[in-house]
Structure formats: C-alpha cells, structure tokens
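First to last, the sequence lines map onto chains A and B. At position 27 of the first sequence (counting the first as 1) the number is 27 in the UniProt record's numbering, and the numbers step up by one without a gap. At position 306 of the second sequence (counting the first as 1) the number is 306 in the UniProt record's numbering, and the numbers step up by one without a gap. A quick write-up on the structure given underneath.
There are 2 protein chains.
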Amino acid sequence: MDNILAADIGGTTCKLGLFSDDVELLHKWEIPTETLPDGGRILEDIYEAFIKETANHGLDLTDIAGVGLGVPGPVDFKNGIINGAINLNWDGKKPISYEFEKMSGIPTIVDNDANVAALGEQHKGAGSGYDDVVMVTLGTGVGGGIVVNGLLAHGHGGAAGEIGHLNVDTKRRFQCNCGKKGCLETVASATGIVNLARHHFHNGVETTLSKALEEGTVTSAAVVEAAKVGDTLGMRVLDEVAGFIGLALSDISVLTNPNYFIIGGGVSRAGDILMDGIRKHYRRLTFPPAYENTEIVFAELGNDAGIYGAARLVKQFLT
Amino acid sequence: MDNILAADIGGTTCKLGLFSDDVELLHKWEIPTETLPDGGRILEDIYEAFIKETANHGLDLTDIAGVGLGVPGPVDFKNGIINGAINLNWDGKKPISYEFEKMSGIPTIVDNDANVAALGEQHKGAGSGYDDVVMVTLGTGVGGGIVVNGLLAHGHGGAAGEIGHLNVDTKRRFQCNCGKKGCLETVASATGIVNLARHHFHNGVETTLSKALEEGTVTSAAVVEAAKVGDTLGMRVLDEVAGFIGLALSDISVLTNPNYFIIGGGVSRAGDILMDGIRKHYRRLTFPPAYENTEIVFAELGNDAGIYGAARLVKQFLT
Chain A
1 MDNILAADIG GTTCKLGLFS DDVELLHKWE IPTETLPDGG RILEDIYEAF
51 IKETANHGLD LTDIAGVGLG VPGPVDFKNG IINGAINLNW DGKKPISYEF
101 EKMSGIPTIV DNDANVAALG EQHKGAGSGY DDVVMVTLGT GVGGGIVVNG
151 LLAHGHGGAA GEIGHLNVDT KRRFQCNCGK KGCLETVASA TGIVNLARHH
201 FHNGVETTLS KALEEGTVTS AAVVEAAKVG DTLGMRVLDE VAGFIGLALS
251 DISVLTNPNY FIIGGGVSRA GDILMDGIRK HYRRLTFPPA YENTEIVFAE
301 LGNDAGIYGA ARLVKQFLT
Chain B
1 MDNILAADIG GTTCKLGLFS DDVELLHKWE IPTETLPDGG RILEDIYEAF
51 IKETANHGLD LTDIAGVGLG VPGPVDFKNG IINGAINLNW DGKKPISYEF
101 EKMSGIPTIV DNDANVAALG EQHKGAGSGY DDVVMVTLGT GVGGGIVVNG
151 LLAHGHGGAA GEIGHLNVDT KRRFQCNCGK KGCLETVASA TGIVNLARHH
201 FHNGVETTLS KALEEGTVTS AAVVEAAKVG DTLGMRVLDE VAGFIGLALS
251 DISVLTNPNY FIIGGGVSRA GDILMDGIRK HYRRLTFPPA YENTEIVFAE
301 LGNDAGIYGA ARLVKQFLT
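Written as structure tokens, this is what we have:
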C-alpha cells in the first residue's frame, strides 16, 4: 500500500486528507490550527491527527508513501523551508520538511498554499489532467500558481506565481503591500474592489452605496451586489476589475500559453458578471494564437484544492 | 557512442552541429538553405550533410542517438509538426519529425528556433545550468523562450514564449503584425525603435537625425548610435525601449521567477546603453522578492545557441 497524507495549513484550521496511491481522496477532515503562542504545536497536532485517522482506516504510518504540506507563506521548495508565516505566528526560516520527517519518519514535501491549490485544480479539478494550467485566486489579496509541463513553477527564489504583483494599473493609483503601486492585487482583490469604488466615488460617479462609502464601511461584496442590480459605480468597478484580470491573463497566455485559467477565491463568487467581463477583455487583448482553445473557468475543488495538490506533490516527487 | 546531430534551419543558411552525448560541440558547419521553389530539398540537404560530416569524424548514422531541429515557425512540439514557415517557403502543416525520421532512420525532435536558442543559452550559454531562464530576442521582431524547471514552456497551442506580444504600450500607439496594438514588439524591436523615433520626431523632439526621419530612411542602428552621442531623441527612444523591456521582465519575474534573463538579437548590440536602462527600469517596477538575485545579461552563444538547444532537446527527450 502506498497511501498519501496531505495537510493544507491555514490560520484557523488545517484541512487534512488521506489519499490513495493515485491521489483519490479516501477521507478528509479538519483540525483547529493552534497558532498560540508561536505555532509550535501545529506540526505535532497534524502528526497526531494523521496517526489517529490512518488507524481508523486500518492503516499505520508504514503504509504511507509520503506527506504533503501546504503552508501560508513563501517556501524554498527544493529545501522544504518556509520563510515566515504571519498567520501561523511562525517567525523566520523553518525547515518544515525536515521537522515533519524527523517526527514522523515519513518523507515529507512542502509548498506554498496557493501553489498546492493550483496543482490540485490542475490535477483533479477544473483543469484536470491538462499539463499547462494557471490558477488565480482573488481573495483579500491576489495569489496564484502556474503549472507548466505538469509541474509547478517555483523559480529560483520561490516568487513564481505571484500573479498579484503583475503591473497592470499603469495609472498606479493605489499602494500595494509590496511597496509598489499598480499591482493586480490593488485593483482585483476584495481590497482592490474597495479601492476602485472609493476612487470612483470621490470622482463623482453615481451610486446607491454613497452612505457606506462616506462612512468607510463599504465591502467588496456590497459593490458586487450593487453591480448586479445595475448600480453605475458598481458596474464600472466590476468592468474595470475584469479588464485588469483579462490583461493579466492575456500576458500570461503569451508566456506559458495554458489550456486553462482557473479563477478561485472569495471574489470569484461574484460569478457571471465577473467571468463574462474577464472573457470579453481577455479576448480583446490577447495575441490570437495564444487565446485559441484557452478556457477561463471557475475553480471546482473549493477548500479541498490544497490537500489534492499537496497529495499530488507527494505522487510527483516522493513515489 | 551516442552522438547527437543538430540543425538550426534559417532562411539563408542551416547551422549544423555534431555533439557528444553530453552536448559538447564537436564540430559545427553551415550549408545554404535551398528555399526554392518550395523548400522541398531542405531536409534532404541536411541529411546528406550529416552523413558526410559524421563520416569525416569516423562515425556513421548508427552512432547517432538523435537529431534535433530548430525551425523558423510555429511548432506543435508533441507531434513534431511545423505549421508553415514563410522564410523557408513551407506552406501549411508539415510533419517534420516524421519526415526526417523516415529519411534517416534516426529519432528526430523539432522545436521553434526561438525556443531552441533559449534552451541553448540556458544549458550552455549565459544561463548555463540554471533551471529557470528566460531569453528575449530583440530583432526585427521580438521573440523568446521560457525555460521552467529545466524544460521549455510550450503551452497547449505552442504560443508560450511569445514575449513580443505582451501588452506593454498602454497608449497602444503602433500596429503590430498580430493585428493588435501595444505589443512589446511594436516598441522594443528594430521596427519598434523606428516607430518610436518617428513618433517623437513628429511630436517635435530635437534630433540630429531629422534628414533621415523626414526621408523615411532612418534605421534602428542609427537611432542607437545617435543616443550614444547624446542625441535628445535617440536617448529618449532608448530609455523608452528599456522601460518597456524592463516592464516585460518585471511581469515575467512574478510569473516564473527566472534566475537569468538573457537578452539577444541584433538590437542587443546596442550594448550598455540599453542594458543599463533595462536594469534600472526592471528594478523600479518589480515585486522585490522576485528581483532578488535575478540577473539580466546578454546572450553568449550567438548563432550557435540554436544548435546547442536542438542538441539539448535530443538529450532531454530522445536519450
């Protein structure tokens, strides 16, 4: 038997999965993430949960070919080291693969959470089985993962897939967390939607959201809802967001020419109003041979994408 | 013995190479490309040249592990099919790998010429041995190749590496051959330099090149030379070109985070005045974790890059 264990470690919960040798999900469950005082128990809690659940399935750890971990921070993939994870209270460099292997005796592989989600969607979700797939996650920020020839791109410093920092807003209106202006994240995340709504409100665009905008309480979800019922400002913001995402996908298309772009994250719940706009702008902006037969679709695996991708990494590199 | 043969097929000459098993160049030579009437003799000429030269080295074709071909047109890499090559008078789809294998009895692999040049520079040239390398070729147009995890990106339609069609000129001033406006190729190729020179001349920027600009005879080389001796228009054009290239490299950095960007092609002969500008703008525009330890350098292999890359493909896929 060559089962696979996977964990997608988040700031609140760890999603855990037991997989078959060919990355079919046999069982999934969650445990709380104990981030206090310094996240020092997290790996041990996962290890204990693995022991218990494999036993429930009549397995022990000698039946496990490998463990895959997704973590919320920058990862040195080759060496299995995470360089800080604010949401876990992990400070500085931590050799996660080494620590988990030492504790469990099982070969362990670790990658960034956005990367494993992309690999999960590529392997078993919306891009299933295609070699070239790019995932864009629109949440509080914008993240992503790029799969080329069936393998995640990491790059030499692990900064591959940082789609949120593509230069798209050439007016460079809003400050990004990275220190620059003009990043995709400043105009296409939940924060970006609020940035754009405020910007157009201050420029006098009509809206039913005036009160929330004046009070500084407007949310990206409210802007999306307003757009859906024809609010002028909401519609303008959503079209602009779609335009920036379409531009980003256009540029990615001539670089790695993926079969599938997979859009996930909270902002993607805007649904068709966003997707129709992205497809329209993408088509308008893209080098024709690069958009032929390229599909832009929503993510399918939801919160399970990370464990699927982490399990797939085990399959690719440890078996 | 497992020698490798490679050909980089151009519109005027075919560069040929005999390599050792570990992609060391043993001998290189050229033959003319017979493009008339329909380029129908090209593969046979290469085959005959291979037979003759391997014999001169005391080898016969049974000593050859594989043949790698670089061709000037869009390639379906998996199936070894080229879809037209204007400079060779090749029309429609041609199953090059199949045809060459049938003639020679030797396993054959084929890729686009810009891709094999990038792989050559990655493997034996300016990026030698690093897994993540991107080459940008600034010639009449702008081409390139993207190496991720040591493998060329092709994408599902073979449009990966079409760096010349990144959206960079948001003013979208000049028409591209692809039908769009705003592509990198319209502002960073030899043609692009002339586009920008004309544009600024019509907008009244001072220059010593007035006569050539009025007569429509200005060349990109003349603009570069003028910039080097302090011509206002020339310097403005070169800084703008460098800015657009810097922007393109910045966006590529957050997608595949290469160790090395390798700049080749005729326009790269502008030298330091171009390179200094590219590095300055790149640094200004790029997400800091993505530019750390990333080098931007000139290509090293010149016309040999293609045969090195074609030989490397044989090593990767046929041995």
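Note that CB positions come from ideal geometry on N, CA and C, so glycine has one too. Since the structure is predicted, the reported quantities are computational estimates derived from the model, not experimental observations.
Can you pull the chain A neighbours of residue i, defined as C-beta to C-beta under 8 Å?
| i | result |
| --- | --- |
| S189(B) | Simply none; closest approach about 15 Å. |
| D239(B) | The premise fails here: D239(B) is roughly 17 Å from chain A at the closest Cβ pair, so nothing lies under 8 Å. |
Residues of chain A with CB under 9 Å from residue i, in chain order?
| i | result |
| --- | --- |
| S31(B) | It is Ile, not Ser, that sits at residue 31(B) in the sequence shown. Correct list: empty, because the minimum Cβ distance to chain A is about 31 Å. |
Please report the distance separating the alpha-carbon of residue i from that of residue j.
| i | j | result |
| --- | --- | --- |
| G230(B) | D304(B) | 34 Å |
| A118(A) | V71(A) | 13 Å |
| G17(B) | V237(B) | 39 Å |
| A188(A) | V218(B) | 43 Å |
| A126(A) | Y260(A) | 8 Å |
| A290(B) | N89(A) | 24 Å |
| G241(A) | I193(A) | Note on identity: in this sequence residue 241(A) is Val, with Gly being the wrong assignment. Each residue's Cα considered, the two are about 7 Å apart. |
| P37(A) | N87(A) | 12 Å |
| S20(B) | E53(B) | 14 Å |
| V133(A) | I146(B) | 15 Å |
| L69(B) | M135(B) | 19 Å |
| G265(A) | L138(A) | 5 Å |
| L184(A) | E30(A) | 32 Å |
| E48(A) | I252(A) | 41 Å |
| F50(B) | T62(B) | 12 Å |
| G143(A) | A114(B) | 30 Å |
| V254(B) | N257(A) | 16 Å |
| G243(A) | A222(B) | 38 Å |
| N3(B) | Y98(B) | 20 Å |
| L196(B) | D169(B) | 11 Å |
| A160(A) | L152(A) | 9 Å |
| I262(A) | H123(A) | 12 Å |
Can you tell me whether residue i is buried or exposed? The criterion is at least 16 other CB atoms within 10 Å of its CB, across all chains shown.
| i | result |
| --- | --- |
| G58(B) | exposed |
| D22(B) | exposed |
| Q175(B) | exposed |
| S104(B) | buried |
| T33(A) | buried |
| L26(A) | exposed |
| K78(A) | exposed |
| G66(B) | buried |
| S250(A) | buried |
| K171(B) | exposed |
| S210(B) | exposed |
| T177(B) | What sits at residue 177(B) in the sequence shown is Asn, not Thr. So N177(B) counts as exposed. |
| N293(A) | exposed |
| N167(A) | buried |
| T35(B) | buried |
| A55(A) | exposed |
| K180(B) | buried |
| D8(B) | buried |
Whose Cβ in chain B lies nearer than 8 Å to the Cβ of residue i?
| i | result |
| --- | --- |
| F287(A) | A159, E162, H165, C178, K180 and C183 |
| H156(A) | Y130, D131, D132, N257, P258, N259, N293 and T294 |
| I252(A) | L255 |
May I ask you to list the residues that DSSP assigns as paired with residue i?
| i | result |
| --- | --- |
| A85(B) | W90(B) |
| I109(A) | G68(A) |
| Q175(B) | K181(B) |
| G17(B) | A6(B) and K28(B) |
| F298(A) | I263(A) |
| M235(B) | According to DSSP, which records beta bridges pairwise, M235(B) is partnered with nothing at all. |
| V254(A) | The partner list for V254(A) (beta bridge, DSSP) is empty, contrary to what the question assumes. |
| I278(A) | BP columns for I278(A) are empty, so no partner. |
| M135(B) | G145(B) and I262(B) |
Strictly below 9 Å CB to CB, what residues from chain B border residue i?
| i | result |
| --- | --- |
| A153(A) | D132, V148, N149, A153, L255, T256 and N257 |
| P74(A) | P289 |
Can you round the beta-carbon distance between residue i and residue j to whole angstroms, since I take them to be within the 8 Å contact cut?
| i | j | result |
| --- | --- | --- |
| A310(B) | V116(B) | 5 Å |
| I81(A) | P95(A) | 5 Å |
| L247(B) | L285(B) | 6 Å |
| F201(A) | T208(A) | Incorrect: roughly 11 Å between the Cβ atoms, too far for contact. |
| I307(B) | K93(B) | With 8 Å as the limit, I307(B) and K93(B) do not qualify as a contact, their Cβ atoms being about 25 Å apart. |
| D111(A) | L313(A) | 6 Å |
| A190(A) | V267(A) | 6 Å |
Using a cut-off of 7 Å between C-beta atoms, extract the partners of residue i located in chain A.
| i | result |
| --- | --- |
| A227(B) | The contacting residues do not exist; A227(B) stays about 24 Å from chain A at best. |
| L249(B) | Correct list: empty, because the minimum Cβ distance to chain A is about 11 Å. |
For a contact meaning CB atoms closer than 7 Å, what does residue i contact in chain B?
| i | result |
| --- | --- |
| T170(A) | T170 |
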